[in-house]
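Counting from 35, one number per residue, gives the positions in the sequence shown under this note's numbering.
We treat Cβ as the ideally placed atom computed from N, Cα and C, and that holds for glycine.
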Amino acid sequence: MKVNSQVFRAYDIRGIVQKELSDELIEKLGQAMGTMLIRKKHNALNVCRDGRLSGPHISNLFIKGVLSTGCNVYDLGLGPTPLLYFSTFSTQIKNGVMITGSHNPKNYNGFKIVVDRKPLSGKSITEIRDLIESENFLSGKGVEEKKSLLKTYKNEVKNKINLKKNLKIVLDCGNGAGGSLAPDLFKDLDIELIELFSEVDGSFPNHHPDPGNPKNLKDLIDAVIKNKADLGIALDGDGDRLGVVDNLGNIIFPDQYMALIADEILKENFGRKIIFDVKCSTKLKESIETSGGIPIMARTGHSFIKKEIIKHDAVLGGEMSGHIFFNDDWYGFDDGIYSALRLIEIIADFEESSSDIFNNFPQLVNTPELTLATTDKKKFEIIERLKNEFEFNGYEKVLIDGIRLENQVSWGLARASNTTPSLVFRFEGETEDALLKIVEVFQKALFSIDDKLEIKLN
Ligand SMILES: [Zn+2]
């Protein structure tokens, strides 16, 4: 079978259901996974799915493929992605597949794969692809068992979280899979909870479940202000990303709330490392240093961050997209629900309001993540040209992922998106002028490559 290269991405597998993700491909993916696992001397995997409408169909086909190789399956049913990750730590089975379209449009779905408690590497994704193309599958008779871990997960989190006072929290699950777990857990912890869109509904009737886009936080902001809540929490479609709004309705970007979390964690873990991606502010780096930690910048992408955490035995990791990884009292995987509760636990320790607490961590004048549509081929070419053809005098070049330029008063980033045919930018400056200046530096270079490459600031 020929595999569409669009589907096999840098760190996961995703596509449009019935088009790029055909029934045949899904079943063969199951066969490839089962075959690979048995060859690696494993005999089972956990399977979980988010609330997308195509989830049950894809799950059935995938499981059928796995079982046909002789590999066993524990079907966890519907749940958020962190529940699947959790299953690889809380059960004997260290492998798992999450069927999720994450925050992509509703006609998409995909697979996040864990082998031996680690995200599947690019090399192993190629291995799976080769197996599908060669159809060199094992055959056997696996056994399927249904297993719910919702209670185990909730009990474990409840034992770890200790809230010093009762807070009023608005939680927006965006009709995503987090709704199957988070609201009950929050209420069990005596949080005064105002729920928005907890009902799991893959047609996403209210707003798209992507807290990275400020327009999806509007309902949350309104509810926080109206209810005079202490904090607003938004989860993405599969519950592995965290969006935060303070008590005044200000959006708190992940690199801002990470500075607070880092400061708290480092009190018990002085000198430990903290990983963050290239999209995060230089203020986060400075803040981690001030709090006594060692900041390490990494490539964007949840699997890259996870690898760096393992490599450096980091105590915390996080991405500007809202994937936060606690590795002190949790398992080092990205978990929007657990991360939200840890943040709430920190806020509950303070006398001040959440907006006052976040104000202690100054931020630069910045842009959100900006995108510029191009093609999958061109996005890499443009970044290579930016890296190689320009001097950018007066700036330090950081080439971990795309090109990041830094000086005393500003920084800017241009990189190729991992998931879409587009370029991604972010800029920050000490002042509005400094911000515009760094944008101008990138813009000038881009125009000299192609006069259609215009960075739009809003
Ligand atoms: Zn997600």
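Residue i versus residue j - alpha carbon distance
{"i": "GLN40", "j": "ILE92", "result": "18 angstroms"}
{"i": "LEU118", "j": "GLU229", "result": "24 angstroms"}
{"i": "GLN65", "j": "VAL81", "result": "14 angstroms"}
{"i": "SER373", "j": "PRO455", "result": "30 angstroms"}
{"i": "VAL432", "j": "ILE259", "result": "40 angstroms"}
{"i": "PHE338", "j": "MET331", "result": "11 angstroms"}
{"i": "PRO239", "j": "GLN52", "result": "22 angstroms"}
{"i": "ASP435", "j": "ASN452", "result": "10 angstroms"}
{"i": "PHE123", "j": "ALA348", "result": "18 angstroms"}
{"i": "LEU95", "j": "GLY130", "result": "16 angstroms"}
{"i": "PHE426", "j": "THR134", "result": "41 angstroms"}
{"i": "LEU265", "j": "ASN38", "result": "43 angstroms"}
{"i": "LYS413", "j": "VAL312", "result": "17 angstroms"}
{"i": "ASN441", "j": "GLU179", "result": "56 angstroms"}
{"i": "ASN193", "j": "ALA468", "result": "47 angstroms"}
{"i": "LEU254", "j": "LYS221", "result": "18 angstroms"}
{"i": "LEU377", "j": "ILE166", "result": "42 angstroms"}
{"i": "LYS62", "j": "THR409", "result": "28 angstroms"}
{"i": "ASP274", "j": "GLU462", "result": "26 angstroms"}
{"i": "LEU350", "j": "ARG306", "result": "9 angstroms"}
{"i": "GLU320", "j": "GLY68", "result": "45 angstroms"}
{"i": "GLU58", "j": "ARG48", "result": "15 angstroms"}
{"i": "LYS128", "j": "GLU423", "result": "45 angstroms"}
Residue i beta carbon near ligand 1 (any heavy atom closer than 7 angstroms)
{"i": "HIS241", "result": "no"}
{"i": "GLY271", "result": "yes"}
{"i": "ARG73", "result": "no"}
{"i": "SER214", "result": "no"}
{"i": "ASP206", "result": "no"}
{"i": "THR115", "result": "yes"}
{"i": "SER136", "result": "yes"}
{"i": "ARG449", "result": "no"}
{"i": "ASP435", "result": "no"}
{"i": "ASP46", "result": "no"}
{"i": "ARG83", "result": "no"}
{"i": "ASP311", "result": "no"}
{"i": "ARG438", "result": "no"}
{"i": "ASP274", "result": "yes"}
Buried versus exposed call for residue i [16 or more other C-beta atoms within 10 Å across all chains shown]
{"i": "SER444", "result": "buried"}
{"i": "ARG86", "result": "buried"}
{"i": "ALA407", "result": "exposed"}
{"i": "MET31", "result": "This structure leaves residue 31 out entirely; the chain is present only between 35 and 492."}
{"i": "VAL473", "result": "buried"}
{"i": "LEU282", "result": "exposed"}
{"i": "ASN250", "result": "buried"}
{"i": "GLN126", "result": "exposed"}
{"i": "PHE304", "result": "exposed"}
{"i": "THR465", "result": "exposed"}
{"i": "GLN290", "result": "buried"}
{"i": "ARG73", "result": "exposed"}
{"i": "LEU491", "result": "exposed"}
{"i": "THR334", "result": "buried"}
{"i": "PRO396", "result": "exposed"}
{"i": "ASN170", "result": "exposed"}
{"i": "GLU353", "result": "buried"}
{"i": "GLY156", "result": "exposed"}
{"i": "LYS185", "result": "exposed"}
{"i": "ASN361", "result": "buried"}
{"i": "GLY428", "result": "exposed"}
{"i": "ASN143", "result": "buried"}
Cβ separation of residue i and residue j, assumed to be a contact under 8 angstroms, to the nearest whole Å
{"i": "PHE459", "j": "LEU447", "result": "6 angstroms"}
{"i": "GLY174", "j": "GLY99", "result": "Actually they are not in contact, since the Cβ atoms of GLY174 and GLY99 sit about 12 angstroms apart, beyond 8 angstroms."}
{"i": "ARG449", "j": "ILE417", "result": "6 angstroms"}
{"i": "ASN247", "j": "GLY176", "result": "About 40 angstroms separates the two Cβ atoms, so there is no contact after all."}
{"i": "PHE42", "j": "ILE147", "result": "11 angstroms between Cβ atoms; not a contact."}
{"i": "ILE203", "j": "ILE299", "result": "Not a contact, Cβ separation roughly 21 angstroms."}
{"i": "ILE489", "j": "LEU404", "result": "6 angstroms"}
{"i": "VAL519", "j": "LEU439", "result": "The structure shown does not extend to residue 519, since the chain is modelled only from 35 to 492, so the question has no answer here."}
{"i": "HIS346", "j": "ILE309", "result": "7 angstroms"}
Any C-beta of chain B under 8 angstroms from that of residue i
{"i": "ASN281", "result": "No chain B appears in this structure, which consists of one protein chain only."}
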